[in-house]
Amino acid sequence: MRPAKIYRSAAAKLAAAFFGVFLLLFLIATVTTYLSLRDELIETVDDRLKPEHEIISALWNPDARDSFIENVRALAALSDPKISVLLLTASGGSRLAGNVDPFPVKSGFSMDPLTQVKRREDYSYRLYSRPVGDMQLTIGGSLEDTQELLETSLINLAWTSALAVFLAIIGSVFLSRKVQRRLSLVSDTMNRVAGGNLDARIPLSKSADDLDRLSGTINDALDQLKLLVDGMRQVTTDIAHDLKTPLNRLAFTIEDALQKDAAGEPVSKRLEVARDECENINRTFEALLRIAQIEAGARNKSHFVALDLTALIETIADIYADVATDSGMSLQTEPAGPPVLIVGDEQLLMQMLVNLVENAIRHCGPDTVISLATSVSDDQPQIRISDTGPGIPENERCNVLRRLYRLEKSRTTSGNGLGLALVKAVAEMHGARAELTDNQPGLQVSIVFPATSGETIT
Ligand SMILES: Nc1ncnc2c1ncn2[C@@H]1O[C@H](COP(=O)(O)OP(=O)(O)O)[C@@H](O)[C@H]1O
Ligand SMILES: [Mg+2]
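Start counting the sequence shown at 177; every next residue gets the next number (the numbering used here).
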């Protein structure tokens, strides 16, 4: 099933479910309204019948039985049996007075179709019957009005239901169409992305609703994806380009060795050169893999421990002081301040500092002063490595952080252009940023850690 079809059926299912629930609730509401209205109306009739029965019963006097029967007869003559029923029966069931023929009736309230008087098939009578002396007095009222009222309200309810159902159908169709249209914008965009167009983005509506928020998030993810893919393309091209030279050199050396061998000359020197070239290529690949692993988070934060940056630069200074002196440089740490604590991967941070110090030694001339310092500014722990060498031009400071990128003037020095890329990867893994600035003269690299990393230290 194509994505558009899935969305279509999902939207339609949602609308159908909404419609079903709506219909069920409406039916329940209609039935309960009808039943309670009917009970209410019958109760009104009962409230009339009972006092009427009591008023007539009050006329009963055991000493004047005949006059009571006469009174009832007179009352019966006055009332229309189609509206009000009055019946006085003897204990045997025979009629003593009344406006209807005698019929079996039980004491209390009851319903009866009273076929002998009713005007229409479907109307009933509400009856109330109680003994009076040795007789049974039954009075009743037609439910015609009540039933007509119920019928009218039922018709009204039916019309309202029909209208509501109609509106619900229109609403559901409209809603599902609208949702479907918006979702097909998403699926169209994703299809274009799947087709290789990484610039495709989901158009946003003006409503800023949840679908817009979702589309915005997908667009952000697509921006990120494009950045990553562009980065990957760049890296792949750079790697292919930069490894071409050493591989060509290697091929040339082997060719040269083969020719020398054919001429009977010793080839061990050429083989040593070839071996060194292989080792160099290998080192480059290892460094590339290492950076990729750090960036992919393969070395997870389980290695993170609380550590003191000041102690870390002291260790580096101890290791590299002699190397710097051998190159005619001096390496110093700024007067040791209080410990600067962060949570981090000690081994990787050490590698990062080694890369920076080695860069200063490798890319700066004699008499360079290399300084290491730590500080906390705005609650942000920092390490600074500065030198008094040639520095890096401002327009190149972004580039040198890329993999395999080396300044033209450094092409003759050893190295693979991966040192600063690893510095950047390690810094980012710690949520820190690597800033390259002018040391006037020279280069200053600052690693600025986030303020929060200090809070978690106990
Ligand atoms: N301290 C420095 N002073 C001057 N230039 C530097 C310094 N550090 C790095 N660079 C320049 O940045 C480039 C990239 O550095 P890096 O990634 O460590 O690669 P590599 O040291 O292998 O050349 C170097 O080739 C060099 O041109
Ligand atoms: Mg380097």
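The beta carbon of each residue, even a glycine, is placed where N, CA and C say it ideally should be.
Counting every other CB atom within 10 Å of its CB across the protein chains shown gives V533 a total of 16 or more, marking it as buried. Annotated as distal: D321 and Y301, with beta-carbon spacing of 7 Å or more.
Assigned with DSSP and collapsed to three states, I568 falls in coil, not helix or strand. Of the residues G309, A549 and G541, the one whose Cα lies closest to the Cα of A493 is A549. Counting only heavy atoms of ligand 2, the residues whose C-beta sits closer than 7 Å to one of them are, along the chain, N531, E534, N535, R538, G591, G595 and L596.
In the three-state reduction of the DSSP assignment, Y210 falls in the helix class. Contact check for A416 against I430 fails: the beta carbons are separated by 7 Å or more.
Per the DSSP secondary-structure output, Q620 pairs in a beta bridge with S562 and T613. Under the three-state reduction of DSSP, F195 is assigned to helix. Taking 6 Å as the cut-off, the C-beta of G504 does not count as close to any heavy atom of ligand 1. In this structure, V481 lies away from M528, with their beta-carbon atoms at least 7 Å apart. Between D498 and T486, the alpha-carbon positions lie close to 20 Å from each other. Judged by DSSP in its simplified three-state form, Q292 adopts coil rather than helix or strand. In terms of Cα proximity to D406, the closest of G372, R587 and P422 is G372. In this structure, R560 has its beta carbon at no less than 6 Å from each heavy atom of ligand 1.
Distance from the CA of L524 to the CA of V362, rounded to the nearest whole angstrom, comes to 42 Å.
In the DSSP assignment, R302 falls within the beta strand (DSSP E) that extends over Y301 to V308. Rounded to the nearest whole angstrom, the CA to CA distance from E510 to V516 is 14 Å. Counting along the chain, S363 sits inside the alpha helix (DSSP H) bounded by residues E320 to A370.
With a contact defined as Cβ atoms closer than 8 Å, G274 and L264 qualify at about 6 Å. Excluding its 5 nearest sequence neighbours in each direction, L217 has C-beta neighbours in its own chain below 6 Å: T322, listed in chain order. In this structure, V308 lies near S233, with their beta-carbon atoms less than 7 Å apart. Judged by their CB atoms, F195 and A340 are not nearer to each other than the 7 Å cut-off.
Shown here, F285 sits in a strand according to DSSP, grouped into three states. Straight-line spacing of the CA atoms in T564 and I467 works out to 28 Å. For G520, no alpha helix (DSSP H) run applies; the uninterrupted beta strand (DSSP E) run containing it begins and ends at L517 to G520, by DSSP.
Just so you know, the alpha carbons of R214 and L325 end up roughly 9 Å apart. At least one heavy atom of ligand 1 sits closer than 6 Å to the Cβ of R582. Counting of Cβ neighbours within 10 angstroms places Q508 among the exposed residues, the total staying below 16. Here the distance from the Cβ of I568 to the nearest heavy atom of ligand 1 is below 6 Å. Counting only residues of its own chain and dropping the five nearest sequence neighbours on each side, V443 has a CB closer than 7 Å to the CB of A433, K436 and D437. By the Cβ-count criterion, A250 is exposed, with fewer than 16 other Cβ atoms from all chains shown falling within 10 Å of its own Cβ.
In the same chain as F279, and ignoring 5 residues on each side of it, no C-beta atom comes closer than 6 Å to its own.
DSSP places R271 in the strand class (E or B) of the three-state scheme. CA-CA distance, T413 to K445, rounds to 33 Å.
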